[in-house]
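K.L.:
Start counting the sequence shown at 62; every next residue gets the next number (the working numbering).
Don't be surprised by glycine CBs; every beta carbon is placed ideally from N, CA and C.
This is the structure I have questions about; it appears just below.
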Amino acid sequence: MPARETLSVTVVALRVALVAAIIAAITWICYWLTPVNATTAGFAYLVAILFIAAHWGLVESIAGSVGAVLAFNFFFLPPIGRFTIADPQNWVALVAFLATAVTASHFSRQAKLRALDATHRQKEMETLYAFSRSILLIQPSQNVAKQVAMQIAQTFGASSVALYERDSGQVHHSGPEDFPGAKEQLHQAAVEGTFFRDHAARTVITSVRLGAQPIASLGLRDVDLSDSALQGLANLVAIGLERSRAQTSASRAEAARQSDELKSTLLDALTHEFKTPLTSIKAASTALLSSDGLETAQQRELISVVDEEADRLSELVTEAIQMARIEAGRVHLRREDNSVAEIAGAALERFKTQAEGRTITVRIPAGLPPIWVDRELIELALRQLIDNALKYSPLDSPLRVEAEAEGGRVIISVADSGRGIAEAEQTRIFEKFYRADSSRHQVPGAGLGLVIAREIVQMHGGEIWVESKPGEGSIFRFSVPAAAQRPEAGAPIMEDTHADVHQAPHA
Ligand code: ADP
62 MPARETLSVT
72 VVALRVALVA
82 AIIAAITWIC
92 YWLTPVNATT
102 AGFAYLVAIL
112 FIAAHWGLVE
122 SIAGSVGAVL
132 AFNFFFLPPI
142 GRFTIADPQN
152 WVALVAFLAT
162 AVTASHFSRQ
172 AKLRALDATH
182 RQKEMETLYA
192 FSRSILLIQP
202 SQNVAKQVAM
212 QIAQTFGASS
222 VALYERDSGQ
232 VHHSGPEDFP
242 GAKEQLHQAA
252 VEGTFFRDHA
262 ARTVITSVRL
272 GAQPIASLGL
282 RDVDLSDSAL
292 QGLANLVAIG
302 LERSRAQTSA
312 SRAEAARQSD
322 ELKSTLLDAL
332 THEFKTPLTS
342 IKAASTALLS
352 SDGLETAQQR
362 ELISVVDEEA
372 DRLSELVTEA
382 IQMARIEAGR
392 VHLRREDNSV
402 AEIAGAALER
412 FKTQAEGRTI
422 TVRIPAGLPP
432 IWVDRELIEL
442 ALRQLIDNAL
452 KYSPLDSPLR
462 VEAEAEGGRV
472 IISVADSGRG
482 IAEAEQTRIF
492 EKFYRADSSR
502 HQVPGAGLGL
512 VIAREIVQMH
522 GGEIWVESKP
532 GEGSIFRFSV
542 PAAAQRPEAG
552 APIMEDTHAD
562 VHQAPHA
């Protein structure tokens, strides 16, 4: 917006009166005090008009010109004492007065406007600079957009500020007045980059862009800023919002790094401090049970409890270690082409004792393509599903392990005819430590098996899901890429050393 010069009517009237006094003074000096000829008097009036035009406005200088013409005509041009001009050449002098007045006042006005504009711009720059300093002091730990809105209201003296954040869809207000309800326009400015100016409501809404991308919008009321300064302000707001975002994500990354370090430390502690004594307890209980040293049935019973609980504890610790390793990113895939039948066979082999007397049907089509997976990890995921199927179904009910090709992937499933899972729990069972109400107090477990299976499957770019009806049983399925889908055929891809996550949980 250009600088404006508005003067009250009283000031102009006063100046016109002063102009009249100046013309009267010149006339008095040139006519009565020291009488001069018409040319000298003409110059004196001209100088006065130039002076008036240079210092005041067009109105004052025209008033001066008219006054000077009248006085010059009456007192210095023949016939003297009358408002008539005998010599037509004197009209030239009169026109010269008027032209001088208009031209000089026009140039003077332009110069004044330019000076005012420069001062205005300088003030804008100073305010923008003050604002840029204030956004450096914003606390990233508190609501940044709210603080930015407050700083704008304070620094620019806005009666109302509204800052709309595109990501969260929230509007942050500041200033003594409410921003006239323009959420729609704020949203449009933040999404499409539209600009709104409402002179009647004294508001302006502009988009806040980071590069070419609008990330927010800013609404201001009663802020007299040029378009370029407004653009500068929007850019500073974008920098402020982005800076705090960068700081927050840097501190999150740091927290995640520290948490990973903590996990690794805990992991090592778990491995050493729990596994070693558990192995000794298990060795001792197994030795006692198989020796003849136990005298009474009660002693045998008690040692069996120790033996079983040592197994259970060992299983829990193993699962916790596996989970922690996966989460800490310490598991690396070693993918090769593998036969599903071999993986399923190896997984079932581990449950030989547990599955004694159970009917387990394995249906794997002969022409099934090999899968491109880390064999040990996929076997581990499959074992989690088989273990659950055995745990959560009656001893006399059958199980099915099946595989089929679909598109570029192979789907492996484990079905049981057990208690099934309520629909509301079907997504929750994949959450860490979640156990369905029905199993919590009846079947031992840590609520980690399915999380481990899901993580492994997802590491392979596959999916895992369940289809179940309470009372009828459950089918857990997961997909993995078929061998033909690997990026480049050839030697197995070796990624880093293999973690000891492959230990059997039920070993
Ligand atoms: P855990 O078996 O140690 O409890 P999981 O993560 O393997 O942990 O399973 C989470 C929960 O999902 C179980 O507690 C159980 O409630 C439910 N669940 C898993 N598999 C089955 C299944 N085959 N039949 C019924 N419920 C199941």
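Helix, strand or coil for R386 per DSSP?
P.N.:
In the sequence shown, residue 386 corresponds to position 325, counting from 1. In the structure shown, R386 sits in a helix (DSSP, three-state: H, G or I).
K.L.:
Hey, E506 and R470: beta-carbon distance below 8 Å or not?
P.N.:
By one-based count along the sequence shown, residue 506 stands at place 445. By one-based count along the sequence shown, residue 470 stands at place 409. It should be noted that the sequence gives Gly, not Glu, for residue 506. Against a cut-off of 8 Å, the Cβ pair of R470 and G506 comes out as no contact.
K.L.:
Taking just the CA atoms, how far does N204 sit from E226?
P.N.:
Residue mapping note: residue 226 aligns to position 165 of the sequence shown, counting from 1. Residue mapping note: residue 204 aligns to position 143 of the sequence shown, counting from 1. Between E226 and N204, the C-alpha separation is close to 12 Å.
K.L.:
Quick check on this structure: which residue in A206, W117, L174 has the alpha carbon closest to the alpha carbon of A162?
P.N.:
To locate residue 162, count along the sequence shown from 1; it is residue 101. Answer by Cα proximity: W117.
K.L.:
Can you tell me where the beta strand (DSSP E) with W433 in it begins and where it stops?
P.N.:
Numbered from 1 along the sequence shown, position 372 holds the residue referred to as residue 433. Looking at the DSSP string, the run of the beta strand (DSSP E) that includes W433 is 432-434.
K.L.:
Closer than 7 Å by C-beta to K530: which residues in its own chain qualify, once you throw out the five before and the five after it? Chain order, please.
P.N.:
Residue numbering aside, residue 530 sits at position 469 when the sequence shown is read from its first letter. Same-chain partners within the cutoff: G481.
K.L.:
Would S122 be called buried (16 or more neighbouring beta carbons within 10 Å of its own) or exposed?
P.N.:
The residue you call residue 122 lines up with position 61 of the sequence shown. Result: buried.
K.L.:
Taking all protein chains shown into account, decide if L197 is buried (16 or more other Cβ within 10 angstroms of its Cβ) or exposed.
P.N.:
Residue mapping note: residue 197 aligns to position 136 of the sequence shown, counting from 1. L197 comes out exposed.
K.L.:
Excluding the 5 residues flanking L511 on each side, which residues of the same chain have their C-beta closer than 7 Å to its C-beta?
P.N.:
Sequence index remark: in the sequence shown, residue 511 carries index 450 (1-based). Q445, I490, F491.
K.L.:
Spatial neighbours of R258 within its chain, please: CB distance less than 7 Å, with the 5 preceding and 5 following residues excluded, ordered by chain position.
P.N.:
Mapped onto the sequence shown, residue 258 falls at position 197. Closer than 7 Å at Cβ, skipping near neighbours: V265.
K.L.:
What does a CB cutoff of less than 7 Å around A408 pick up in its chain, not counting 5 residues either side in sequence?
P.N.:
Your numbering for residue 408 matches position 347 in the sequence shown. Cβ neighbours of A408 beyond the five flanking positions: E440, L443, R444, I447.
K.L.:
Alpha carbon to alpha carbon, what distance is there between E465 and D498?
P.N.:
Residue mapping note: residue 498 aligns to position 437 of the sequence shown, counting from 1. Residue mapping note: residue 465 aligns to position 404 of the sequence shown, counting from 1. Going from the Cα of D498 to the Cα of E465 covers about 33 Å.
K.L.:
Do I387 and ligand 1 come close, with the Cβ less than 7 Å from some heavy atom?
P.N.:
Mapped onto the sequence shown, residue 387 falls at position 326. Between ligand 1 and the CB of I387, the shortest heavy atom gap is not smaller than 7 Å.
K.L.:
Should V518 be listed as close to ligand 1, given that the test is whether its C-beta is under 7 Å from any heavy atom?
P.N.:
On the sequence shown, position 457 is the one that residue 518 refers to. Checking the Cβ of V518 against ligand 1 gives no.
K.L.:
To the nearest angstrom, how far is it from the Cα of M555 to the Cα of L271?
P.N.:
By 1-based counting over the sequence shown, the position of residue 555 is 494. By 1-based counting over the sequence shown, the position of residue 271 is 210. Per-residue confidence for M555 stands at a pLDDT of 41, beneath the threshold of 50, marking its modelled position as unreliable; no derived number is given.
K.L.:
In this structure, how does DSSP classify V392 when only helix, strand and coil are distinguished?
P.N.:
On the sequence shown, position 331 is the one that residue 392 refers to. Note: V392 maps to coil in three-state DSSP.
K.L.:
How long is the line joining the alpha carbons of A560 and E467, rounded to whole angstroms?
P.N.:
Indexing the sequence shown from 1 puts residue 560 at position 499. Indexing the sequence shown from 1 puts residue 467 at position 406. Its pLDDT being 34, under 50, A560 is placed unreliably by the model, and nothing is read from it.
K.L.:
What are the start and end residues of the alpha helix (DSSP H) that includes I213?
P.N.:
For the purposes of this step, residue 213 is identified with residue 152 of the sequence shown, where counting begins at 1. Per DSSP, I213 belongs to the alpha helix (DSSP H) from 205-217.
K.L.:
What residue range is occupied by the uninterrupted alpha helix (DSSP H) comprising E245?
P.N.:
Here residue 245 refers to the residue found at position 184 when the sequence shown is read from its first residue. Element bounds for E245: 244-253.
K.L.:
Looking at the unbroken beta strand (DSSP E) that takes in S474, where does it start and where does it end?
P.N.:
The count along the sequence shown starts at 1 and reaches residue 474 at position 413. Unbroken beta strand (DSSP E) run through S474: 470-477.
K.L.:
Output the residue ranges of the beta strand (DSSP E) runs that lie fully inside the stretch 256-291 and measure 3 residues or longer, sorted by chain position.
P.N.:
257-259, 264-271, 274-282
K.L.:
Would you please state the rounded distance, in angstroms, between the beta carbons of L281 and V222? I believe it to be under 8 Å.
P.N.:
For the purposes of this step, residue 281 is identified with residue 220 of the sequence shown, where counting begins at 1. For the purposes of this step, residue 222 is identified with residue 161 of the sequence shown, where counting begins at 1. Cβ atoms of L281 and V222 come within 8 Å of each other, at about 6 Å.
K.L.:
Can you tell me whether K452 sits near ligand 1, meaning its C-beta is under 7 Å from at least one heavy atom of the ligand?
P.N.:
Numbered from its first residue, the sequence shown carries residue 452 at position 391. It does: the Cβ of K452 is within 7 Å (strictly closer) of some heavy atom of ligand 1.
K.L.:
Let me know the secondary structure DSSP gives D398 once reduced to three states.
P.N.:
Here residue 398 refers to the residue found at position 337 of the sequence shown. The answer is strand: DSSP assigns D398 an E or B state.
K.L.:
Any heavy atom of ligand 2 closer than 7 Å to the CB of G479?
P.N.:
As far as ligands go, the structure on display features ligand 1 and does not contain ligand 2.
K.L.:
Name the DSSP beta bridge partners of R461, please?
P.N.:
Counted from its first residue, the sequence shown places residue 461 at position 400. R461 pairs with T422, A476.
K.L.:
Closest by CA to H248, which one among A262, E238, S278?
P.N.:
What you label residue 248 is simply residue 187 of the sequence shown in a count that begins at 1. Proximity to H248 across A262, E238, S278 peaks at S278, based on C-alpha coordinates.
K.L.:
Does any residue of chain C bring its CB to less than 8 Å from the CB of R306?
P.N.:
Annotation note: the requested chain C is absent from the structure, which comprises a single protein chain.
K.L.:
Whole-angstrom Cβ separation of K244 and V252, contact assumed at under 8 Å?
P.N.:
Within the sequence shown, residue 244 is the residue found at index 183, counting from 1. Within the sequence shown, residue 252 is the residue found at index 191, counting from 1. Not confirmed; about 12 Å, so no contact.
K.L.:
Which of the three DSSP states is assigned to M62 in this structure?
P.N.:
Along the sequence shown, one-based indexing puts residue 62 at 1. Any reading at M62 must be qualified, since the residue scores a pLDDT of 41, below 50, and its modelled position is unreliable; no value is offered.
K.L.:
Select from S166, Q208, V504, D283 the residue whose C-alpha is nearest the C-alpha of F217.
P.N.:
The sequence position of residue 217 within the sequence shown is 156, counting from 1. When each option's Cα is compared against that of F217, the closest is D283.
K.L.:
Do F136 and Y92 count as a contact pair if the criterion is CB distance below 8 Å?
P.N.:
Along the sequence shown, one-based indexing puts residue 92 at 31. Along the sequence shown, one-based indexing puts residue 136 at 75. Closer than 8 Å, so yes.
K.L.:
Give me the Cα-Cα distance between G236 and S166, rounded to the nearest whole angstrom.
P.N.:
Against the sequence shown, residue 236 aligns to sequence position 175. Against the sequence shown, residue 166 aligns to sequence position 105. Cα to Cα, G236 sits roughly 42 Å from S166.
K.L.:
Is it buried or exposed for W89, if we count other Cβ within 10 angstroms and need 16 for buried?
P.N.:
In the sequence shown, the residue the question calls residue 89 occupies position 28. With fewer than 16 Cβ atoms within 10 Å of its Cβ, W89 is classed as exposed.
K.L.:
Find out if the Cβ-Cβ distance for the pair S32, G534 is shorter than 8 Å.
P.N.:
Given a span of 62 to 568 for the chain in the structure shown, any question on residue 32 remains unanswerable.
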